[in-house]
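K.L.:
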Amino acid sequence: MRRQWFIWMIVLCFFCSLFPNEAKAMSVSAKSAILMEQTTGRVLFEKDAHTKRRIASITKIMTAILAIESGKWEEIVTVSERAVRTEGSSIYLKQGEKIALKHLVYGLMLRSGNDAAVAIAEHVGGSVEGFVFLMNEKAAEIGMTNTQFANPHGLDDAENHYSTAYDMALLMRYAMQNEQFRKVSGTKLYRAPNPTEDWDRVWRNKNKLLTHLYEYCTGGKTGYTKRAKRTLVTTASKDGLELIAVTINAGDDWNDHIAMYEHGFANYELVTIKADTIVKDMDDPFYDHHLFVARDFIYPVTKKEESLIRLERKLLRPQESWKETGVPSVVGRAELYIGNEKVDDTPIFYKQEKKKRSFFDWLLGVGSDG
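Residue numbering for the sequence shown is -25 to -1, 1 to 345, as defined by mature numbering (1 follows the signal peptide of the UniProt record, and there is no 0).
Here it is as structure tokens:
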């Protein structure tokens, strides 16, 4: 019996060696976690990702992107008493101090300055309350359906301030489409002038993955409060694959993120599927040589999924009325499937024929651009 058990163990180990990535289960310390691909938003791993939780200073991702999008990047901010009295982590602003908004954003993201968050909110939103309105408006626009902001910093002074791992990944995906945000998020060291001292402020990023723990990390934001515990949002890039990791209430967040990234990079690659193949060599004489698509499909897949990729097209049935009204510009959809699951689609366009100008059209100027 013992010998038989030993043989079965050898067989099991052999099969595990053939499929190492599938055999290894993902495990993270966080209460909520997610790994998302940047280009498509595909979720590669999740754990309780839609549960509403306190989020602490990863709130400041929203504060930063709103400040950047405000168009006030170079404007000078006068620091208020309310800003300098804000509790928690600080960049030690002084009441009445004048400082450029861009410096405040770096202090916000690298050193998690709560005073910087309030100063930004008052300048961009007119007041902290006005800025919070903008935060929730932007959250709705992005599709963060399980999120409510009550302040620009994430302190535990409000019960109605929460989000989910999934929503925070959506926010980071949105923010990373902005080049200025990418630059700030990925900065390891920043020097800001200090108008009241002989020395500059020097801020080192608190994101240890970026500074020294993980070579593929490209940015992120840390967070902690007593009630939220440790929260972390980071990004990483390798071989053209860009990933977003979020953990909320994690006991070992640095290793959680590394584990998720290694899982993503080991199992997925970004492939390009030519969408125009679906509209070539049409059997239908009405549509043949008249259809085109504006983009290809780009999607992260596993090796196993590559063999399951297929394209389908859905086209409108040609109508008699089109002889009078003309053919619509969009006549269908090209759809990307992995197995039976539709994962993306794009419009199919009809290439309108240009009418030939007669001699009389030319003479009368019909159809000319002049």
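Glycine is no exception: its CB is placed at the ideal position from the N, C-alpha and C atoms.
Remember, predicted model here, so these are calculated numbers, not experimental data.
Check whether the Cβ atoms of A24 and A42 lie closer than 9 Å to each other.
P.N.:
In this structure, A24 sits away from A42, with a CB-CB distance that is not shorter than 9 Å.
K.L.:
Three Cβ pairs or more, each shorter than 8 Å: is that satisfied between the region 61 to 69 and the region 87 to 97?
P.N.:
yes
K.L.:
Grab the span of the alpha helix (DSSP H) containing I33 for me, first residue to last.
P.N.:
Here I33 belongs to no alpha helix (DSSP H), and DSSP marks it neither H nor E.
K.L.:
Using CA coordinates, which residue listed in T193, G161 and G226 is at the minimum distance from S212?
P.N.:
Looking from the CA of S212, the closest CA among T193, G161 and G226 belongs to T193.
K.L.:
Touch check for the region 245 to 264 and the region 182 to 193: three-plus C-beta pairs under 8 Å?
P.N.:
no
K.L.:
Can you tell me which of G226, E237, V208 and K204 puts its alpha carbon nearest to the alpha carbon of D214?
P.N.:
E237
K.L.:
Among all the DSSP beta bridges, which residues are the ones paired with M11?
P.N.:
V18 and I219
K.L.:
May I ask you to report which of helix, strand or coil DSSP gives E104?
P.N.:
helix
K.L.:
Just verifying my parser: in three-state terms, what is the DSSP assignment at R292?
P.N.:
DSSP places R292 in coil when its eight states are reduced to three.
K.L.:
Assuming R57 is part of the alpha helix (DSSP H), what are its boundary residues?
P.N.:
Segment E56 to V59, the alpha helix (DSSP H) holding R57.
K.L.:
What's the C-alpha gap between V18 and Y312?
P.N.:
16 Å
K.L.:
Using C-beta distances below 7 Å, list every residue in its chain close to L130, excluding the 5 sequence neighbours before and after it, in chain order.
P.N.:
E62, G63, N89 and T200
K.L.:
Can you tell me which of the three DSSP states G63 falls into?
P.N.:
coil
K.L.:
To the nearest angstrom, how far is it from the Cα of H98 to the Cα of V306?
P.N.:
48 Å
K.L.:
I need the boundaries of the beta strand (DSSP E) containing K196, first residue and last residue.
P.N.:
Counting along the chain, the beta strand (DSSP E) containing K196 begins and ends at C192 to T200.
K.L.:
How many angstroms separate the CA atom of residue 369 from the CA atom of I74?
P.N.:
Residue 369 lies beyond the stretch modelled for the chain, which goes from -25 to 345, so this question has no answer here.
K.L.:
What residues match up with Q123 in a beta bridge as DSSP calls it?
P.N.:
Y137
K.L.:
DSSP state of E112, grouped into three classes?
P.N.:
E112: helix per DSSP, three-state reduction.
K.L.:
Does the Cβ-Cβ distance between F108 and M37 come in under 9 Å?
P.N.:
Not a contact, by the Cβ cut-off of 9 Å.
K.L.:
Could you have a look at E244 and say whether DSSP puts it in helix, strand or coil?
P.N.:
strand
K.L.:
So, do the region 320 to 328 and the region 263 to 270 have three or more beta carbon pairs nearer to each other than 8 Å?
P.N.:
yes
K.L.:
Where are the alpha helix (DSSP H) runs, 4 residues long or more, that stay fully inside the region 67 to 103, in chain order?
P.N.:
Contiguous alpha helix (DSSP H) elements confined to the region 67 to 103 occur at 76 to 86 and 89 to 100, taking only those with 4 or more residues.
K.L.:
Which one or two residues does DSSP pair with W178 in a beta bridge?
P.N.:
According to DSSP, W178 bridges with Y165.
K.L.:
Kindly indicate which three-state DSSP category K(-2) falls into: helix, strand or coil?
P.N.:
No answer about K(-2) holds up, because its pLDDT of 47 lies below 50 and its placement is not dependable.
K.L.:
What distance in whole Å lies between the Cβ atoms of L286 and A269, which are believed to be in contact at a cut-off of 8 Å?
P.N.:
Between L286 and A269 the Cβ distance is about 15 Å, and since that is not below 8 Å, they are no contact.
K.L.:
Report the rounded CA-to-CA distance for E280 versus G314, giving the unit in angstroms.
P.N.:
E280 and G314: Cα-Cα distance of roughly 8 Å.
K.L.:
Indicate the three-state DSSP secondary structure (helix, strand or coil) for E328 in the structure shown.
P.N.:
coil
K.L.:
Can you tell me the Cα-Cα spacing of I51 and R166, whole angstroms?
P.N.:
So the alpha carbons of these two residues sit roughly 17 Å apart.
K.L.:
What is the DSSP secondary structure of Y189, counted as helix, strand or coil?
P.N.:
coil
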